[in-house]
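According to this note's numbering, the sequence shown holds residues 22 to 468 in order.
Virtual Cβ for every residue (Gly too), placed ideally from N, Cα, C.
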Amino acid sequence: MAGRVPTAPPRGMRDILPDEVELRDAAVREIVAVYRAYGFRRIETPALESLRLLAGSDGGENEKLIFKVMKRGEELEAARRAGEDLADLGLRFDLTVPLARYYAENHARLPDPLKAIQIGPVWRAERPQKGRFRQFTQCDIDVLGLASPLVEIELILATTDALARLGLSGLTVRINDRRLLELVARHCGFPEAAQAAFFIAFDKLDRLGAAGVLAELREGGHDADAVRRFEALLPELSAAEVSLEGLRAALPGSAEAAWESLATIIATANAEIAAGCRVRFDPTLVRGMGYYTGPIFEIAAPGYASSIAGGGRYDRMIGRLLGREVPASGFSIGFERLISILAERGGMPAREGAAAPQRRVALLVDDGGDVAAAVRAAKALRVEGDLVSLEVRRKNVKKQLDDLVTHGFWGYATLDDATRRPTPKALARREEPRHPQGGHPQRGPSK
22 MAGRVPTAPP
32 RGMRDILPDE
42 VELRDAAVRE
52 IVAVYRAYGF
62 RRIETPALES
72 LRLLAGSDGG
82 ENEKLIFKVM
92 KRGEELEAAR
102 RAGEDLADLG
112 LRFDLTVPLA
122 RYYAENHARL
132 PDPLKAIQIG
142 PVWRAERPQK
152 GRFRQFTQCD
162 IDVLGLASPL
172 VEIELILATT
182 DALARLGLSG
192 LTVRINDRRL
202 LELVARHCGF
212 PEAAQAAFFI
222 AFDKLDRLGA
232 AGVLAELREG
242 GHDADAVRRF
252 EALLPELSAA
262 EVSLEGLRAA
272 LPGSAEAAWE
282 SLATIIATAN
292 AEIAAGCRVR
302 FDPTLVRGMG
312 YYTGPIFEIA
322 APGYASSIAG
332 GGRYDRMIGR
342 LLGREVPASG
352 FSIGFERLIS
362 ILAERGGMPA
372 REGAAAPQRR
382 VALLVDDGGD
392 VAAAVRAAKA
402 LRVEGDLVSL
412 EVRRKNVKKQ
422 LDDLVTHGFW
432 GYATLDDATR
442 RPTPKALARR
452 EEPRHPQGGH
462 PQRGPSK
């Protein structure tokens, strides 16, 4: 006899309970409101994309983590007989690669530039561990079709405004440029063929420290003189505050456009950024995606170790699909990380001038009672602005009221009075704060 079907979600996935869904929905509403004020509009792409697209995207390590989908029907049988690859589709591992395909397919019907909002699930077949799940939500804005520092300035201001609206303060935007990383690699003597491996090692500076990065470079067989020159330069690169002009003087080379672009972005964004936030140059910022071509950036919040947003410019990705280069840049909020922070803080912050939150009310009716009167009463409460759930009164009313508190109801009402016009009563609250479902992923942004 077959055993019971397991009810736990697949390994690396999780169920999300109503309290957290409401928090997530509220956060999305606030974020989208800010992004719309900057001229962005929502788009959607399929969860499934062709393996040829996903595997040829310069998505770094993520390409090794694709959930593959097998061919179907006759195509599957034919592939088996021919000894060909049995999979032809994959679940998207980020929202940027599908966006490139979306633009290549639909550009004639899209505004120029396209300012897109994407919020949706992505999947990566990595080893599940605390804080890392195989399905998680990304929250992206991108500008396609405009090659100007104005794009990065708006991305930074829109994203910091959205996070500030959710109660995050003291944000630091770290910014660098992929062209300057290439300049560092050339200055140290790493040949072009070795630069990708150099960047992968350099990207681990926060986790491994300088000694760990240098050891990885040596063990990787990199030129010893190049590693020594990098070791000599590293203290200047990793100083707490690095002068853009000072490093520019120390690294002569053909990257004038990158230096000028960074100077404009930093100065302009710092003049307009939300109070208490700042943009600073960080030449150790690498970011793992191989498709970056220009400015790259991450946002850190005080008290939290990992970044909560990140992104950069990727001018060559769309050209591979469209046959001509299209400038593109984007910023991704680490949505799961953000929800974890909001949950730790007790939910959404109160905003001055915001409408009072709607009350969740349970209208308790007797089993077999006046159904028509109950429906009319619930409708009247909804007209007054309450969120009303019709519920049958249990024998153990005290336990029922406790359950309502547990599940986030503000109050309850009954039809006991002769007028049949119930007046909601506030439920007694317990002392301990309620938090949305635990076990939030701590994954940072991955644009």
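Expressed to the nearest angstrom, what Euclidean distance is found between the alpha-carbon atoms of I354 and T158? For I354 and T158, the gap between their C-alpha atoms comes out near 9 Å.
Limits of the unbroken beta strand (DSSP E) element including N417: Counted as a single uninterrupted DSSP element, the stretch harbouring N417 is not any beta strand (DSSP E), since DSSP gives it neither H nor E.
Residue burial classification, S264 (beta-carbon count within 10 angstroms, cutoff 16): By the neighbour-count rule (16 or more Cβ atoms within 10 Å), S264 is not buried but exposed.
Could you tell me the distance, in whole angstroms, from the CA atom of P304 to the CA atom of R450? Near 50 Å, if we compare the C-alpha coordinates of R450 and P304.
Selection from V392, E257, K92 that minimises the alpha carbon distance to G267: Ranking the options by Cα distance to G267, first place goes to E257.
Between which two residues does the alpha helix (DSSP H) containing I52 stretch? Per DSSP, I52 belongs to the alpha helix (DSSP H) from 39-58.
Anticipated Cβ contact below 8 Å, R113 with E70, distance rounded: Indeed they touch by this definition, with Cβ atoms about 5 Å apart.
Write down the C-beta distance between A121 and R62 rounded to the nearest angstrom, noting that I regard them as a contact closer than 8 Å. Your pair A121 and R62 does not check out as a contact, with CB atoms roughly 18 Å apart and the cut at 8 Å.
Among L411, K89, R199, P323, the one whose alpha carbon lies nearest that of L306: Per the Cα distances, R199.
Is I64 helix, strand or coil when you go by DSSP? I64 falls in the coil class under three-state DSSP.
Bridge-paired residues (DSSP) for C160: Beta-bridge pairing links C160 to I140, I354.
State buried or exposed for P316, treating a residue as buried only when at least 16 other CB atoms are found within 10 Å of its CB. With at least 16 other beta carbons inside 10 angstroms of its own, P316 counts as buried.
Sub-9 Å separation of L363 and L238 beta-carbons: Against a cut-off of 9 Å, the Cβ pair of L238 and L363 comes out as no contact.
Reducing DSSP to helix, strand and coil, say where R299 ends up. Correct three-state label for R299: strand.
Name the two residues that bound the continuous alpha helix (DSSP H) containing S282. Note, S282: alpha helix (DSSP H), 277-293.
Quick one: grab the DSSP three-state call for G111. The answer is strand: DSSP assigns G111 an E or B state.
May I have the straight-line CA-CA distance separating D423 from T444, to the nearest angstrom? Our two residues, D423 and T444, have alpha carbons roughly 19 Å apart in a direct line.
Look at the Cβ atom of I64, then the Cβ atom of L178, and state whether they are nearer than 9 Å. No. Outside cutoff.
In or out: D115 buried (at least 16 other Cβ within 10 Å) or exposed? Here D115 is buried. Its C-beta has 16 or more other C-beta atoms within 10 Å.
Could you name each continuous beta strand (DSSP E) segment of 3 residues or more that falls completely within the region 301-341, going from the start of the chain to the end? With a minimum length of 3 residues, the unbroken runs of beta strand (DSSP E) contained wholly in the region 301-341 fall at 316-321, 330-334.
With 16 other Cβ atoms within 10 Å as the buried cut-off, status of N197: Its Cβ being crowded by 16 or more others within 10 Å, N197 is buried.
Identify the continuous alpha helix (DSSP H) that holds T435 and give its terminal residues. From DSSP, T435 is part of no alpha helix (DSSP H) but of the beta strand (DSSP E) over 432-435.
Starting from the Cα of Y312, find the closest Cα among L255, G33, V118 and give me that residue. For Y312, the nearest C-alpha among the options comes from V118.
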